[in-house]
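Colleague: Starting off with a structure, shown below.
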Amino acid sequence: MSKPKVGIFGFTGCGGCQLEILNLEDQLLDLVSAVEIVHFTEAITEHSDNYEIALIEGSVTTEHDIERVKKIGDIAKIIVAVGSCAVNGGLNCLKNLYGVERAKELVYGDKKDWIDSIEVKPIDEYVRVDYYARGCPPNRLEIVDIIRSLIIGRKPEIPNYPVCVECKRNGNTCVYDFGITCLGPVTRAGCNSRCPSSGTGCESCRGLIDDPNINAQKDLLAEYGLTVEDIISQFNLYNACKKVIAKENKK
Amino acid sequence: MVNNLNIEVSPVSRVEGHGDLVINIKDKKIEKLIFRIPESPRFFEAMLVGRKYDEPSHITSRICGICSVAHTFASIKATERAMGIKPTEQTINLRRLIYHHENIQSNVLHVYFLAAPDFFGTGSVISLAETHPEVVDIALRTKKMANDMVRIIGGRAVHPIRTVVGGFTKLPTEQEMLEMRKMLEGAYPDLEKSLEILKTINIPDFERETEYISLSNSYEYALYDGNIKSTDGWEIDCQDYLDKISEEVVQHSTAKHCRANRDSYMVGALARFNNNYDKLTDNAKKYAEELGLKAPCYNAFMNNIAQFVEVVHSVDDSIRLIDKILEDGLDEEKAMVDIKPRAGRGVGVVEAPRGLLIHDYTYNKDGRVEKANLIIPTNMNFANIENDMKALVPEIIDKSEDEIRFACEMLIRAYDPCISCSTHMLDVKLINK
Numbered sequence: 001m002s003k004p005k006v007g008i009f010g011f012t013g014c015g016g017c018q019l020e021i022l023n024l025e026d027q028l029l030d031l032v033s034a035v036e037i038v039h040f041t042e043a044i045t046e047h048s049d050n051y052e053i054a055l056i057e058g059s060v061t062t063e064h065d066i067e068r069v070k071k072i073g074d075i076a077k078i079i080v081a082v083g084s085c086a087v088n089g090g091l092n093c094l095k096n097l098y099g100v101e102r103a104k105e106l107v108y109g110d111k112k113d114w115i116d117s118i119e120v121k122p123i124d125e126y127v128r129v130d131y132y133a134r135g136c137p138p139n140r141l142e143i144v145d146i147i148r149s150l151i152i153g154r155k156p157e158i159p160n161y162p163v164c165v166e167c168k169r170n171g172n173t174c175v176y177d178f179g180i181t182c183l184g185p186v187t188r189a190g191c192n193s194r195c196p197s198s199g200t201g202c203e204s205c206r207g208l209i210d211d212p213n214i215n216a217q218k219d220l221l222a223e224y225g226l227t228v229e230d231i232i233s234q235f236n237l238y239n240a241c242k243k244v245i246a247k248e249n250k251k
Numbered sequence: 001m002v003n004n005l006n007i008e009v010s011p012v013s014r015v016e017g018h019g020d021l022v023i024n025i026k027d028k029k030i031e032k033l034i035f036r037i038p039e040s041p042r043f044f045e046a047m048l049v050g051r052k053y054d055e056p057s058h059i060t061s062r063i064c065g066i067c068s069v070a071h072t073f074a075s076i077k078a079t080e081r082a083m084g085i086k087p088t089e090q091t092i093n094l095r096r097l098i099y100h101h102e103n104i105q106s107n108v109l110h111v112y113f114l115a116a117p118d119f120f121g122t123g124s125v126i127s128l129a130e131t132h133p134e135v136v137d138i139a140l141r142t143k144k145m146a147n148d149m150v151r152i153i154g155g156r157a158v159h160p161i162r163t164v165v166g167g168f169t170k171l172p173t174e175q176e177m178l179e180m181r182k183m184l185e186g187a188y189p190d191l192e193k194s195l196e197i198l199k200t201i202n203i204p205d206f207e208r209e210t211e212y213i214s215l216s217n218s219y220e221y222a223l224y225d226g227n228i229k230s231t232d233g234w235e236i237d238c239q240d241y242l243d244k245i246s247e248e249v250v251q252h253s254t255a256k257h258c259r260a261n262r263d264s265y266m267v268g269a270l271a272r273f274n275n276n277y278d279k280l281t282d283n284a285k286k287y288a289e290e291l292g293l294k295a296p297c298y299n300a301f302m303n304n305i306a307q308f309v310e311v312v313h314s315v316d317d318s319i320r321l322i323d324k325i326l327e328d329g330l331d332e333e334k335a336m337v338d339i340k341p342r343a344g345r346g347v348g349v350v351e352a353p354r355g356l357l358i359h360d361y362t363y364n365k366d367g368r369v370e371k372a373n374l375i376i377p378t379n380m381n382f383a384n385i386e387n388d389m390k391a392l393v394p395e396i397i398d399k400s401e402d403e404i405r406f407a408c409e410m411l412i413r414a415y416d417p418c419i420s421c422s423t424h425m426l427d428v429k430l431i432n433k
């Protein structure tokens, strides 16, 4: 059997997801022996447009991005969105909240018309996405699991329960007991409750679970003396692309 | 040999982010040379407006995956300065320790994964793993050590969690500190082997003196703190950076360009080396000498060697820091200080792996960001990269098209540009007229 050809692509983001792939020190050489990486601009010079699996990092934020992501969609048989920016728009969506034109003016002043920048959207607004490796940064072991599953032809197991389950499993005291607000109760697990285990609240970088009880979470936050503005602000950090939240809920 | 030449590399590979190189040569003279940055702009300065004081470090760490610790600290320092928050000595020592490891991780990634394929004539670290497996093994081990250290102290290798305004949300244990010390001691044999390998590579012989700017202080090889210092003889408090450093929007780039005393300057490992050579550990100085790196050095290609020398320094100094932290004793009570949000402006400056990084925030009385200005090392280097290429190309004008293109790409990569930070990779296409 020939090795599946994989392309790794970066759109608007910090490059941290590609770095997490490079950070797979223990598995990197095994990974490159199991698949043929034909496109990975951050790490290799040669590149080809002949690939079956595309791992895409970053959000779509320019007209040029739209063309590029659609071309990848035409070529790849399987698309994996990697990281919050690709999965649900991530932190980039804070720009939408501020207003695209206003943001251009603030940062580039009277030269703003030189800049190609549009409303931020996750990649599945433009191409079909088969699997989502969530998180900011994504859990690199989950990326390996997705690739392994694709090679052996099984469906990757992505948790659809809240971070609280992992906190319990890790024996963490609930951070609410320390007066810290946490979006763990409505956020999809799979990070091994990384933030609460480090003594801080979950920021919901992996997005919401299916059918989250958002009203109960809002009540919980309010009980701890936070304003509605604080709560919305917390949700917005990684989930400001509202339409996506609505759509994810249907999945 | 060519009289007329159009080179277009889009994007240039093995750099972090997207950049294109355009060179037009007519009658052996450069008509046009630009390093174009079409990378999608990010608008962090707008995203920050209205955010609460404990959020900017988490938001700005997402400017760059590779130097997320640097952005975290520039951000935290700006906020702490604005609100008069003074973290404990324990916090500052732990910050210095984690900081060394982002620098090691980033420098190793650059020297071995991104630049080394140029030295060994392979297209990538993946083909390098086939031709020079020992080099890749060393790189992976050293990088893993540094990432593990960031994980232990920061909670995660990319976008650390535990480092926040006022201190740490969780401290490493004494046991973990001892494990880290053991990991560091284990790194020396690989550093020795790296030295032998780096001695065999050919660094292009090219010199152009420019202005070198970095942090500097009296007590250490400055990475986390200091004044802003130039080889042109000026030194200023970080809060006054606007007196010397200006930014401008240029048409071919979504990344702004910067100026100080001259029309361009260099930041990064070589600038730090030129300003602060005397603060390196004796061991790091020995490595520099064996690799023919002397301060001041005007060859931008030697930036890769300076990065490796810094890895040695960071390993040495980390051991010193761990011993100091353990001697003082880790104290939960000193993990965080109280925070009282207040209005004010603060500038936080650190040496990111790629050079001077400036965060400048103004807060309102509710502790929310009113205004933010971020100046990124790669932005500072763009104009200097262009000036270096304008000096390099005439020196090699009699070489083949491929050689000219390769030398220019290699020069760009020597700077380790991080284009994600400055706005995000580089391709080269050659057209004969």
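Listed in order, the protein sequences are those of chains A and S.
Throughout the first sequence, residue numbering follows this note's numbering, covering 1 to 251 in sequence.
Throughout the second sequence, residue numbering follows this note's numbering, covering 1 to 433 in sequence.
Note that CB positions come from ideal geometry on N, CA and C, so glycine has one too.
How far does the alpha helix (DSSP H) with S/T72 in it extend, from its first residue to its last?
Modeller: In the second sequence, the residue the question calls residue 72 of chain S occupies position 72. Residues S68 to M83.
Colleague: Considering just the uninterrupted stretch of the alpha helix (DSSP H) at A/S59, what are its terminal residues?
Modeller: The residue given as residue 59 of chain A occupies position 59 in the first sequence. That residue, A/S59, is in no alpha helix (DSSP H); it is neither H nor E in DSSP.
Colleague: If you draw a straight line from the C-alpha of S/T231 to the C-alpha of S/S216, how long is it?
Modeller: Looking up residue 231 of chain S in the second sequence gives position 231. Looking up residue 216 of chain S in the second sequence gives position 216. Each residue's Cα considered, the two are about 11 Å apart.
Colleague: I'd like the ranges of any beta strand (DSSP E) spanning at least 3 consecutive residues and lying wholly in the segment 83 to 140 of chain A.
Modeller: Whole beta strand (DSSP E) segments, 3+ residues: 131 to 133.
Colleague: Using CA atoms only, rank isn't needed, just tell me which of S/I153, S/L242 and S/E196 is closest to S/I325.
Modeller: Position 325 of the second sequence holds residue 325 of chain S. The option with the nearest alpha carbon to S/I325 is S/I153.
Colleague: Report the residue from S/G233, S/I228 and S/K286 whose alpha carbon sits nearest the alpha carbon of S/V267.
Modeller: Locating residue 267 of chain S in the second sequence gives position 267, counting from the first residue. The option with the nearest alpha carbon to S/V267 is S/I228.
Colleague: Given the structure, does A/A86 come close to the ligand MN, in the sense that its CB is under 7 Å from one of the ligand's heavy atoms?
Modeller: This structure lacks the ligand MN, and indeed carries no ligand of any kind.
Colleague: Taking all protein chains shown into account, do 16 or more other C-beta atoms lie within 10 angstroms of the C-beta of A/Y224, making it buried, or fewer, making it exposed?
Modeller: Position 224 of the first sequence holds residue 224 of chain A. Classification of A/Y224: exposed, given that the 10 Å Cβ count is below 16.
Colleague: Less than 8 Å between the C-beta atoms of A/V35 and A/L55, yes or no?
Modeller: As a working note, residue 35 of chain A is residue 35 in the first sequence. As a working note, residue 55 of chain A is residue 55 in the first sequence. Cβ atoms of A/V35 and A/L55: not closer than 8 Å.
Colleague: By the DSSP assignment, the alpha helix (DSSP H) with S/D388 in it spans what residues?
Modeller: Counted from its first residue, the second sequence places residue 388 of chain S at position 388. Element bounds for S/D388: P377 to E395.
Colleague: Taking S/E290 as part of the beta strand (DSSP E), name the residues at either end of that continuous run.
Modeller: On the second sequence, position 290 is the one that residue 290 of chain S refers to. Looking at the DSSP string, S/E290 is not in any beta strand (DSSP E); the run it does join, the alpha helix (DSSP H), is D282 to E290.
Colleague: Taking 8 Å as the threshold (beta carbon to beta carbon), is S/N107 in contact with chain A?
Modeller: Working through the second sequence from its first residue, we reach residue 107 of chain S at position 107. Judged by the 8 Å Cβ criterion, S/N107 is not in contact with chain A.
Colleague: Can you name, in chain order, every residue of its own chain whose Cβ lies under 8 Å from the Cβ of S/M183, other than the five neighbours on each side?
Modeller: As a position in the second sequence, residue 183 of chain S is number 183, starting the count at 1. Only M145, D148 and M149 meet the Cβ criterion.
Colleague: Just list the residues that DSSP pairs S/L21 with in beta bridges.
Modeller: Your numbering for residue 21 of chain S matches position 21 in the second sequence. Its beta-bridge partners are S/V9 and S/F35.
Colleague: How far does the beta strand (DSSP E) with S/Y212 in it extend, from its first residue to its last?
Modeller: Against the second sequence, residue 212 of chain S aligns to sequence position 212. Start and end: E211 to S216.
Colleague: Count the other CB atoms, across all protein chains shown, that sit within 10 Å of the CB of S/A116; report buried if there are 16 or more and exposed otherwise.
Modeller: In the second sequence, counting from the first residue as 1, residue 116 of chain S sits at position 116. Per the 10 Å Cβ criterion, buried.
Colleague: Can you check DSSP and say which residues form a bridge with S/H359?
Modeller: Taking the first residue of the second sequence as position 1, residue 359 of chain S is located at position 359. DSSP output for S/H359 lists S/G348 and S/L374 as bridge partner(s).
Colleague: With a threshold of 6 Å on Cβ separation, who are the neighbours of S/M410 within its own chain once the five nearest residues in sequence on each side are excluded?
Modeller: Sequence index remark: in the second sequence, residue 410 of chain S carries index 410 (1-based). Excluding positions up to five away in sequence, the list reads D118.
Colleague: Name the two residues that bound the continuous alpha helix (DSSP H) containing S/H100.
Modeller: Position 100 of the second sequence holds residue 100 of chain S. S/H100 -> alpha helix (DSSP H) spans E89 to V108.
Colleague: Could you round the C-beta distance between A/G16 and S/H159 to whole angstroms and report it? I think they count as a contact, below 8 Å.
Modeller: As a first step, residue 16 of chain A must be located in the first sequence, where it is residue number 16. As a first step, residue 159 of chain S must be located in the second sequence, where it is residue number 159. Confirmed, about 6 Å.
Colleague: Under the assumption that S/A74 contacts S/I358 (Cβ atoms under 8 Å), give the Cβ distance between them as a whole number of angstroms.
Modeller: Counted from its first residue, the second sequence places residue 74 of chain S at position 74. Counted from its first residue, the second sequence places residue 358 of chain S at position 358. At roughly 7 Å, the Cβ-Cβ gap stays under 8 Å, so S/A74 and S/I358 are in contact.
Colleague: For a cutoff of 8 Å on Cβ pairs, would you count A/S193 as touching chain S?
Modeller: Translated into positions along the first sequence, residue 193 of chain A becomes position 193. No - not a single Cβ of chain S is within 8 Å of the one on A/S193.
Colleague: Assign A/R148 to one of three DSSP states: helix, strand, or coil.
Modeller: For the purposes of this step, residue 148 of chain A is taken as the residue at position 148 of the first sequence. Helix, per DSSP.
Colleague: Would you list, in chain order, the members of the segment 45 to 57 of chain S that have their beta-carbon closer than 9 Å to a beta-carbon of chain A?
Modeller: Residues E45, A46, M47, L48, V49, G50, R51, K52 and E55.
Colleague: For the beta strand (DSSP E) that A/H204 lies in, which residues bound it at each end?
Modeller: Position 204 of the first sequence, counted from the first residue, corresponds to residue 204 of chain A. Residue identity check: residue 204 of chain A is Ser in the sequence provided, not His. It is not in any beta strand (DSSP E) - A/S204 carries neither H nor E in the DSSP assignment.
Colleague: Determine the extent of the alpha helix (DSSP H) in which S/H313 is found, giving its start and end residues.
Modeller: Mapped onto the second sequence, residue 313 of chain S falls at position 313. It spans N303 to D328 - the alpha helix (DSSP H) in which S/H313 sits, taken as one unbroken run.
Colleague: If you measure between the beta carbons of S/L198 and S/L291, is that distance less than 8 Å?
Modeller: Numbered from its first residue, the second sequence carries residue 198 of chain S at position 198. Numbered from its first residue, the second sequence carries residue 291 of chain S at position 291. A contact, by the Cβ cut-off of 8 Å.
Colleague: Candidates S/P41, S/H110, S/H71 and S/R156: which alpha carbon is nearest A/A103's?
Modeller: Sequence index remark: in the first sequence, residue 103 of chain A carries index 103 (1-based). Here the closest residue by C-alpha is S/P41.
Colleague: Under 8 Å, CB to CB, which of the residues in the segment 133 to 144 of chain A have a partner in chain S?
Modeller: Going along the segment 133 to 144 of chain A in chain order, one finds C136 and P137 with a Cβ nearer than 8 Å to chain S.
Colleague: Residues bridged to A/H39 by DSSP?
Modeller: In the first sequence, the residue the question calls residue 39 of chain A occupies position 39. According to DSSP, A/H39 bridges with A/G7.
Colleague: Using the Cα positions of S/A300 and S/Y219, report the straight-line distance between them to the nearest angstrom.
Modeller: Within the second sequence, residue 300 of chain S is the residue found at index 300, counting from 1. Within the second sequence, residue 219 of chain S is the residue found at index 219, counting from 1. Rounded to whole angstroms, S/A300 to S/Y219 spans 27 Å at the Cα level.
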